[in-house]
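J.:
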């Protein structure tokens with residue numbers, strides 16, 4: 010990449026999926042991107058598998074104008090901390106208006122659905138009754154695939170898709 014791309018990675022304060030954060034982050038950084046981590050607060054966040062991360066910024070302090078892409082990490086904590094986070098929904102809506110790359114993996118695509126971004130979009134999500142219903146209720150075109158790219162929206166299914174998801178985000182940024 011010529012100019013350094015800036016990617017905002019959002020994780021839940023607790024119970025984010027370690028691999029869905031660490032693998033894409035490595036892909037992003039290996040491609041030369043600068044990663045900023047955001048969460049509900051800047052207190053240490055803890056992953057399902059025990060990874061501790063000190064967020065750089067709280068979601069409420071994010072200015073999406075400072076980033077080229079946003080990637081939202083899944084895991085059980087996403088439901089508790091991110092699905093209904095109005096500030097995060099506003100951030101992704103603004104990113105979408107600006108045509109930025111918006112990614113979400115595992116159950117995090119529900120954030121995009123709740124923000125109204127998945128209407129008519131081909132998307133994937135960690136498959137369970139609740140997540141698929143929310144996507145379909147928001148008129149998303151759900152597909153049971155590792156990674157779906159529809160315009161500027163990139164969704165990944167689960168931890169096994171984390172590398173492929175990260176690569177899709179980078180490819181879209183180029």
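Numbering (this note's numbering), first residue to last: 10 to 183. We treat Cβ as the ideally placed atom computed from N, Cα and C, and that holds for glycine.
Which class does residue 56 belong to by DSSP, given the choice of helix, strand or coil?
T.: It is a strand residue.
J.: So what does DSSP say about residue 174, is it helix, strand or coil?
T.: Of the three classes helix, strand and coil, the one that applies to residue 174 here is helix, per DSSP.
J.: Is the beta carbon of residue 133 closer than 8 Å to that of residue 165?
T.: In this structure, residue 133 lies closer than 8 Å to residue 165 by Cβ.
J.: For residue 30, which three-state DSSP category applies?
T.: It is helical.
J.: Is it the case that the Cβ atoms of residue 73 and residue 103 are separated by a distance below 8 Å?
T.: Taking 8 Å as the Cβ cut-off, residue 73 and residue 103 qualify as a contacting pair.
J.: Please classify residue 24 as buried or exposed, where buried requires at least 16 neighbouring CB atoms within 10 angstroms.
T.: Label assigned to residue 24: buried.
J.: Considering only their Cβ atoms, is the gap separating residue 149 from residue 163 smaller than 8 Å?
T.: No, the Cβ-Cβ distance between residue 163 and residue 149 is not below 8 Å.
J.: Looking only at DSSP bridge pairs, what is residue 67 linked to?
T.: According to DSSP, residue 67 bridges with 48.
J.: Where does the unbroken alpha helix (DSSP H) through residue 140 begin, and where does it stop?
T.: Residues 138-146.
J.: For a quick check, are the C-beta atoms of residue 79 and residue 109 less than 8 Å apart?
T.: Yes, the pair counts as a contact, with Cβ atoms nearer than the cut-off.
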